[in-house]
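Asks: Following this message is one structure expressed as structure tokens.
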Amino acid sequence: MDQDILLEEVDGHHSSRFGLDSTGNELALVSMEPSRSSFTIAGGPTLSNGHSSGFKSNQYPGSSLSSGLKDTDDGFDAYNTVRKGEKRGLAGLQNLGNTCFMNSALQCLVHTPPLVEYFLKDYSDEINTENPLGMHGELALAFGELLRKLWSSGQTAIAPRVFKGKLARFAPQFSGYNQHDSQELLAFLLDGLHEDLNRVKEKPYIELKDAGGRPDEVVAAESWKNHKARNDSVIVDVCQGQYKSTLVCPVCNKISITFDPFMYLSLPLPSTITRTMTVTVFYGDGSGLPMPYTVSVLKNGFCKDLLLALRTACCLKTDENLLLAEVYENKIYRYLEMPLEPLASIKDDEHIVAFRIQKKGMEKTKLVIFHRWQEKKELFGTPLITYLGEDQPSGADIETAVSKVLSPFKRMHSSAKAHIGKGSDFLSDGLDELCSSSDAQSIENAEFEGALSTDLSLRLLLTDDRVMNFKAFKKDTLFEPGKILSVVMDWTDKEQGLYDASYLKDIPEVHKAGFAAKKTRQEAISLSSCLDAFLVEEPLGPDDMWYCPRCKEHRQAVKKLDLWMLPEIIVFHLKRFTYGRYLKNKIDTFVNFPIHNLDLSKYVKNKDGQSYVYELYAISNHYGGLGGGHYTAYAKLIEENRWYHFDDGHVSPVNESDIKTSAAYLLFYKRVNESKMEIGESSYSHSTS
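Quick note: the sequence shown uses my numbering, first residue 565, plus one each step.
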């Protein structure tokens, strides 16, 4: 590829002389691909079969190379005269070895009306050979050459070897013959074509400005102007739109608004599959016994969906809130406080609890109560959570709150009175900052364990969230308000006689595997529901933190996308492939998408009076799973108003009613309120000269 090769013919009877062949003629210099002259590939009046007249004069007379170049690859007669009645745009693409992904994406692109019109004309003046981000025009020339071959008359399949070689140089991951993703190829190809056809030869430096409270219309226009100052090509004109991105800091509520361009929209497929989840609900004020509730939620839902289902199931009052937490090894492992936390992060074998808390008390000091066997020094059961109502809580307030929360667990037959115990297992751990009274007592050496008495009725010790260090306190010990206090309660035989600890120990898992559930099947979803899922606000991932300029720290901000301006050609990528840390999966859900009259007006925030009605004209399909599959394409010939199925080199007509399948992967739409491109004889004036 891209090389000139010297060929010397010998007949086997005479030794050749250097520089001459056996007949005495000079060696022929033969180019192995069409000349890169702009007149040859990008259009011009002197074209005959893809090679300039100057090139023909260099061919060795009588050599078989002249006819050999006219195969279905480099020497295909792409510019022959179109005979009346012959169909165009129906040539297939040969599979070079696992290249069906490329063939599928290419057929969709070469049947995109604005690109067909562009590449069939003379675009040589727009080729950017100086752009360091491109391929010096080679990728655009190779694509233009391939498009002209496919739009010539006849249905002979083309072998896109030259194009594949050029693409591999721009995107090395596509070299070789491994299977790839047609959407990834489309993204790289559009980007490469844009850079090769970028009308901007020297990109200016532009300093980005913050929205600063300015109207969205002003900021959006400024952002688009800055983008066009550095990126201006037919790809931008036809395929690029603009969306509004809003980020909100979860700590300081700083709002950042930016307007960014997009080439395609990757839409998630919302799941309709449900899962049952069991959550044990505790009363934070001790007004009732804990109760497990099993609710049904969307498998791909969020914590807010689980909370909503629980509110209904447990008849939550209007003045109450639920605090979700995961219990692991008898400690609070994490709080599920983010409403948009995915439920996928909660596994079936985990233990989830919820605490009913009065809304008015949640601004006060949170108290976490751990349980420990006195003899074994081992934690057991589920920690309890309540809130202290006092502005500056004391040790007596903590004891009262613990007694109140434990009151539902009292055994009915017990009349045992509260007893005075002695503190045990006191270790210093830097908890002094919580105590504001000099009466707080601390033992730094474990040898003095149990040597100190307290005036509390319950065996309570101050501890940390890891329950590693302990400290005694008295009734008159005062604590700083607003902080989280953690205490551990030591249980002896007397406490076990007074309270029934089984309510704390036997909490069920989120979902117990068994015979129950018959698997629910994913129902069909609509394209509009995919768009809704794409535009819903969601928190950024832990690996995609946003730097908040006000906090001066990286935050897991909440992100919201809105469509601001839509292009003439819009590509929807249905995200059928999901990749987890340990699991890869393909979603075969049927997506019901409109073929005609897709109205996106309600999704566009920029109300400029323009109609955003689109019509489908091409589909890239994927059949099979992740381990192996096959790509095909459906494309509509605008001039015939008829659909065709492109399966590598095989092309066949297909009914419009049959193009909707669960294999649809990339959807190509064109705006219908623009002047429709009618591909007539005049469109091919350059190719038929």
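Even for Gly, the Cβ is constructed at its ideal location relative to N, Cα and C.
Source: prediction; values computed, not measured.
Note down the Cα distance separating residue 692 from residue 754, rounded to an integer number of angstroms.
Replies: Between residue 692 and residue 754, the C-alpha separation is close to 15 Å.
Asks: Decide if residue 782 is buried, meaning its Cβ has at least 16 other Cβ atoms within 10 Å, or exposed.
Replies: Classification of residue 782: exposed, given that the 10 Å Cβ count is below 16.
Asks: Under a three-way DSSP split, which group does residue 816 fall into?
Replies: Looking at residue 816 - three-state DSSP - the assignment turns out to be coil, as it is neither helix nor strand.
Asks: Which value, in whole angstroms, describes the spacing of the CA atoms of residue 1157 and residue 1195?
Replies: Using only the alpha carbons, I get a separation of about 19 Å.
Asks: Is the region 1206 to 1223 close to the region 648 to 668, with three or more CB pairs under 8 Å?
Replies: Verdict: yes, contact present.
Asks: Which parts of the region 784 to 848 are runs of the beta strand (DSSP E), unbroken and 3 residues or longer, counting only runs that do not cross its ends?
Replies: Runs found: 805 to 812, 819 to 826, 829 to 831, 838 to 847.
Asks: Quick check on residue 667: does DSSP put it in helix, strand or coil?
Replies: Of the three classes helix, strand and coil, the one that applies to residue 667 here is helix, per DSSP.
Asks: Measure the beta-carbon distance from residue 953 to residue 928 and round it to whole angstroms, keeping in mind my assumption that it falls under 8 Å.
Replies: Right, the Cβ-Cβ distance comes to about 6 Å (below 8 Å), so this counts as a contact.
Asks: Under 8 Å by Cβ, that's how I've got residue 1185 and residue 1142 pegged, so tell me the actual separation to the nearest angstrom.
Replies: With 8 Å as the limit, residue 1185 and residue 1142 do not qualify as a contact, their Cβ atoms being about 18 Å apart.
Asks: Report back the beta-carbon spacing between residue 1140 and residue 833 to the nearest angstrom; my notes put them in contact at under 8 Å.
Replies: About 7 Å separates the two Cβ atoms, so the contact holds.
Asks: Just verifying my parser: in three-state terms, what is the DSSP assignment at residue 1112?
Replies: Residue state, collapsed to three classes: strand.
Asks: Run through the region 880 to 905 for me and flag every whole alpha helix (DSSP H) of 4 or more residues, listed as ranges in chain order.
Replies: Counting only runs of 4 or more, we get nothing.
Asks: Counting pairs of Cβ atoms below 8 Å between the region 795 to 804 and the region 719 to 729, do you hit three or more?
Replies: Flag = no, the region 795 to 804 and the region 719 to 729 do not touch.
Asks: Using 8 Å as the cut-off, can you tell me whether the region 1053 to 1069 makes contact with the region 935 to 943, which would need three or more C-beta pairs spanning the two stretches below that distance?
Replies: Yes: the two stretches touch, three or more of their Cβ pairs being nearer than 8 Å.
Asks: Report yes if the CB atom of residue 1132 is closer than 9 Å to the CB atom of residue 1235, and no otherwise.
Replies: Cβ distance < 9 Å, so residue 1132 and residue 1235 count as in contact.
Asks: Relative to the C-alpha of residue 1159, which candidate in 871, 1103, 1222, 836 has its C-alpha closest?
Replies: Comparing Cα positions, the closest option is 1222.
Asks: Checking 9 Å against the spacing of the C-beta atoms, do residue 666 and residue 760 come in under that value?
Replies: Their beta carbons are not under 9 Å apart, which means residue 666 does not touch residue 760 by this criterion.
Asks: Count the other C-beta atoms from every protein chain shown that fall within 10 angstroms of the C-beta of residue 851, then say buried if there are 16 or more, exposed otherwise.
Replies: Answer is exposed; the Cβ neighbour count stays below 16.
Asks: Go through its chain and collect everything with a Cβ distance to residue 902's Cβ below 7 Å, but skip five positions before and after it.
Replies: Cβ neighbours of residue 902 beyond the five flanking positions: 867, 1103.
Asks: Where residue 1105 and residue 1118 are concerned, what is the direct C-alpha to C-alpha distance, given to the nearest angstrom?
Replies: Residue 1105 and residue 1118: Cα-Cα distance of roughly 12 Å.
Asks: Quick one: give me the first and last residue of the beta strand (DSSP E) that residue 922 is part of.
Replies: Taken as a continuous stretch (DSSP letters only), the beta strand (DSSP E) holding residue 922 covers 915 to 922.
Asks: Taking only three categories from DSSP, how would you classify residue 927?
Replies: Of the three classes helix, strand and coil, the one that applies to residue 927 here is coil, per DSSP.
Asks: Which class does residue 1100 belong to by DSSP, given the choice of helix, strand or coil?
Replies: Note: residue 1100 maps to coil in three-state DSSP.
Asks: Rank 745, 738, 1181, 731 by C-alpha distance to the C-alpha of residue 756 and give the top, closest one.
Replies: Of the candidates 745, 738, 1181, 731, the one whose C-alpha sits nearest the C-alpha of residue 756 is 731.
Asks: What's the gap between the Cα of residue 775 and the Cα of residue 820?
Replies: Using only the alpha carbons, I get a separation of about 7 Å.
Asks: Look up residue 852 in the DSSP assignment and say whether it is helix, strand or coil.
Replies: Three-state DSSP puts residue 852 in coil, outside helix and strand.
Asks: Skipping 5 residues on each side, what residues in its chain have a beta carbon closer than 8 Å to that of residue 1233?
Replies: Same-chain partners within the cutoff: 1133, 1134, 1135, 1136, 1162, 1178, 1179, 1180, 1181.
Asks: Got a sec? Which residues, its chain only, sit under 7 Å from residue 835 by beta carbon, not counting five neighbours each side?
Replies: Within the same chain, residue 835 has close Cβ partners 862, 863, 864, 1086.
Asks: Using a Cβ-Cβ cut-off of 8 Å (strictly less than) and excluding sequence neighbours within five positions of residue 1115, which residues of its own chain qualify?
Replies: Result list for residue 1115: 813, 815, 816, 818, in chain order.
Asks: Please classify residue 1126: does DSSP put it in a helix, a strand, or coil?
Replies: Residue 1126 falls in the strand class under three-state DSSP.
Asks: Looking at the structure shown, is residue 573 part of a helix, part of a strand, or coil, going by DSSP?
Replies: In the structure shown, residue 573 sits in coil (DSSP, three-state: anything other than H, G, I, E or B).
Asks: Within this structure, are the beta carbons of residue 1091 and residue 805 separated by less than 9 Å?
Replies: No, the pair does not count as a contact, with Cβ atoms beyond the cut-off.
Asks: Are there 16 or more other CB atoms within 10 angstroms of the CB of residue 762, so buried, or fewer, so exposed?
Replies: Answer is buried; the Cβ neighbour count reaches 16.
Asks: Is it true that the region 961 to 978 meets the region 838 to 853, where meeting means three or more beta-carbon pairs spaced less than 8 Å apart?
Replies: Judged by Cβ distances under 8 Å, the region 961 to 978 makes contact with the region 838 to 853, as three or more pairs qualify.
Asks: Tell me the rounded alpha-carbon separation between residue 720 and residue 1187.
Replies: Cα to Cα, the separation comes out at about 25 Å.
Asks: DSSP on residue 1022, reduced to helix/strand/coil?
Replies: Coil at residue 1022, not helix or strand.
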